[in-house]
Amino acid sequence: MKIIDAHIHYCPKKPYFDTIAREAGHENTESHLLREFKRLGIEHAVVMGNQTLDSDAASFPESLSWCVGIDERFFTEETPSWWYDRTERLLASKACVGIKLYPGYSHHYITDKKYEPIYELAEFFHKPVAVHTGATAGTGAMLKYSHPLIVDEAAVRFPGVRFVLCHLGNPWITDAAAVLDKNENVTADLSGILEGNPSMDQFLKDKAGYLSHIRTWLEYLDRYDKLMYGTDWPLANMEGYIAFTMSLIPEKKWDQVFYENARRIYGL
Ligand SMILES: [Zn+2]
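Just so you know, the numbering used here puts 233 at position 233 of the sequence shown, and the rest follows in order with no gaps.
Following this line, the structure appears as structure tokens:
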């Protein structure tokens, strides 16, 4: 089976990412990442940029695609036109396959007026806007901004923009399913639901009720053409995440969820 990981991070030489990579049974280096991809049959990946629009934004491994990350600094700096110009320039490149927003970590709703020129660019370049939804790491974030229901309003107000609910809004799975069901321009990735490197047999047993809840709402939705495999690496162990995702998705839908949907949605 061919696999595309539709949601990873690439932040080499950052102590925080070094630590979480080790906890997930990985090393936070390009060589380790590419070696693991080869070992597990992962053909391609989409990096969610966390380095905003500084010069690092485009310094990802050449074999990977990436989304330009727009974080809270977008609101605190005084030159929005610079941000729009730079986003436009990056979106024009083939390797940049979308935009990533970080509501929750950013204390603004994605319906904020300041995002409107960003959405115009996404529509013009036919590239999706991936939105962090659901739980956040750390205590500084605010959950009201990352609730998946906010994406419903954005999807209605910007019907020409395609949105991706990152993390399926976890733990607001029911709300995410409602947003996906209603809006043809919204899809989701399944990253970041499992973290670290737990023993998979034990995890599937201990969390049986929670996993059954997710499975139930994915069955209710019945839109396996809208779901993409993703890990949030280096937060999660890649091998474990494949087994975890297989446990959530019916086998006849694996080709779609593990590969075809990401190709279509991110134009890979
Ligand atoms: Zn992420």
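The beta-carbon is built from N, C-alpha and C at its ideal position, and this holds for glycine as well.
Discussion item. Less than 6 Å separating the Cβ of M48 from some heavy atom of ligand 1?
Written reply: Within the sequence shown, numbered from 1, the residue matching residue 48 stands at position 48. Because some heavy atom of ligand 1 lies under 6 Å away, the Cβ of M48 counts as near it: yes.
Worksheet item: With D152 and N185 assumed to form a contact (beta carbons below 8 Å), what rounded beta-carbon distance in angstroms separates them?
Response: In the sequence shown, residue 152 corresponds to position 152, counting from 1. In the sequence shown, residue 185 corresponds to position 185, counting from 1. In fact, because the Cβ distance is near 11 Å, the residues do not count as touching under 8 Å.
Worksheet entry | Beta-carbon proximity of D150 to Y119, cut-off 7 Å | To locate residue 150, count along the sequence shown from 1; it is residue 150. To locate residue 119, count along the sequence shown from 1; it is residue 119. It is worth fixing the name first, because residue 150 is Ile in this sequence and not Asp. In this structure, Y119 does not lie closer than 7 Å to I150 by Cβ.
Worksheet item: What separation, rounded to the nearest whole angstrom, lies between the Cα atoms of H147 and G104?
Response: Residue 147 sits at position 147 when you count from the first residue of the sequence shown. Residue 104 sits at position 104 when you count from the first residue of the sequence shown. Between H147 and G104, the C-alpha separation is close to 8 Å.
Fill in: beta-carbon D71 near ligand 1 non-hydrogen atom, thresh 6 Å
Indexing the sequence shown from 1 puts residue 71 at position 71. In this structure, the C-beta of D71 stays at least 6 Å away from each heavy atom of ligand 1.
Fill in: Pick from G98, F203 and N261 that is closest to F244, judged by C-alpha positions
Here residue 244 refers to the residue found at position 244 of the sequence shown. For the set G98, F203 and N261, the Cα lying nearest the Cα of F244 is the one of F203.
Discussion item. Three Cβ pairs or more, each shorter than 8 Å: is that satisfied between the segment 60 to 73 and the segment 35 to 51?
Written reply: Under the three-pair Cβ rule at 8 Å, the segment 60 to 73 counts as touching the segment 35 to 51.
Worksheet item: Taking DSSP as the reference, what is the three-state secondary structure of A57?
Response: Numbered from its first residue, the sequence shown carries residue 57 at position 57. Residue placement at A57 is flagged as unreliable, the pLDDT there being 49, under the threshold of 50; a coordinate-derived value is accordingly withheld.
Worksheet item: Can you tell me the Cα-Cα spacing of H32 and H26, whole angstroms?
Response: Numbered from 1 along the sequence shown, position 32 holds the residue referred to as residue 32. Numbered from 1 along the sequence shown, position 26 holds the residue referred to as residue 26. Taking the straight line from one Cα to the other gives about 8 Å.
Item to complete: Would you check if the distance between the CB atom of W4 and the CB atom of P234 is smaller than 7 Å?
Response: Mapped onto the sequence shown, residue 4 falls at position 4. Mapped onto the sequence shown, residue 234 falls at position 234. A quick correction: the sequence has Ile, not Trp, at residue 4. Taking 7 Å as the Cβ cut-off, I4 and P234 do not qualify as a contacting pair.
Worksheet item: Roughly how many angstroms lie between the CA atoms of R86 and P171, to the nearest whole one?
Response: As a working mapping, residue 86 is identified with position 86 in the sequence shown. As a working mapping, residue 171 is identified with position 171 in the sequence shown. Approximately 34 Å between the Cα atoms of the pair.
Fill in: Candidates G169, T216 and F125, of which the one nearest K267 by Cα
In the sequence shown, the residue the question calls residue 267 occupies position 267. Per the sequence shown, the amino acid found at residue 267 is Gly instead of Lys. Selected option, being the one with the closest Cα: F125.
Discussion item. Please tell me whether, using a cut-off of 6 Å, the distance from the CB of D232 to the nearest non-hydrogen atom of ligand 1 is below it.
Written reply: Here residue 232 corresponds to residue number 232 of the sequence shown, with the count starting at 1. Yes, the beta carbon of D232 sits closer than 6 Å to at least one heavy atom of ligand 1.
Discussion item. Counting beta carbon pairs with one atom in the segment 204 to 212 and one in the segment 160 to 170, are three or more of them shorter than 8 Å?
Written reply: Not touching, per the Cβ criterion.
Practice prompt. State buried or exposed for D225, treating a residue as buried only when at least 16 other CB atoms are found within 10 Å of its CB.
Written response: The residue labelled residue 225 in the question sits at position 225 within the sequence shown. The residue in question, D225, is exposed, as its Cβ has fewer than 16 Cβ neighbours within 10 Å.
Discussion item. According to DSSP, is D255 part of a helix, a strand, or is it coil?
Written reply: The sequence position of residue 255 within the sequence shown is 255, counting from 1. In the displayed model, D255 falls within a helix according to three-state DSSP.
Worksheet item: At what residues does the beta strand (DSSP E) containing T187 begin and finish?
Response: Position 187 of the sequence shown, counted from the first residue, corresponds to residue 187. Under the DSSP assignment, T187 falls in the beta strand (DSSP E) whose first and last residues are V186 to D189.
Fill in: 7 Å Cβ cutoff met for M142 and K100
Position 142 of the sequence shown, counted from the start, is the residue given in the question as residue 142. Position 100 of the sequence shown, counted from the start, is the residue given in the question as residue 100. The Cβ atoms of M142 and K100 lie no closer than 7 Å to each other.
Discussion item. My output table needs one value for M246: the three-state DSSP class, helix, strand or coil.
Written reply: Start at 1 with the first residue of the sequence shown, and residue 246 comes out as number 246. Secondary structure at M246: helix, using DSSP grouped into helix, strand and coil.
Worksheet entry | Straight-line Cα distance separating V131 from A262 | On the sequence shown, position 262 is the one that residue 262 refers to. On the sequence shown, position 131 is the one that residue 131 refers to. Whole-angstrom Cα-Cα distance: 15 Å.
Practice prompt. Kindly indicate which three-state DSSP category W217 falls into: helix, strand or coil?
Written response: Taking the first residue of the sequence shown as position 1, residue 217 is located at position 217. It is helical.
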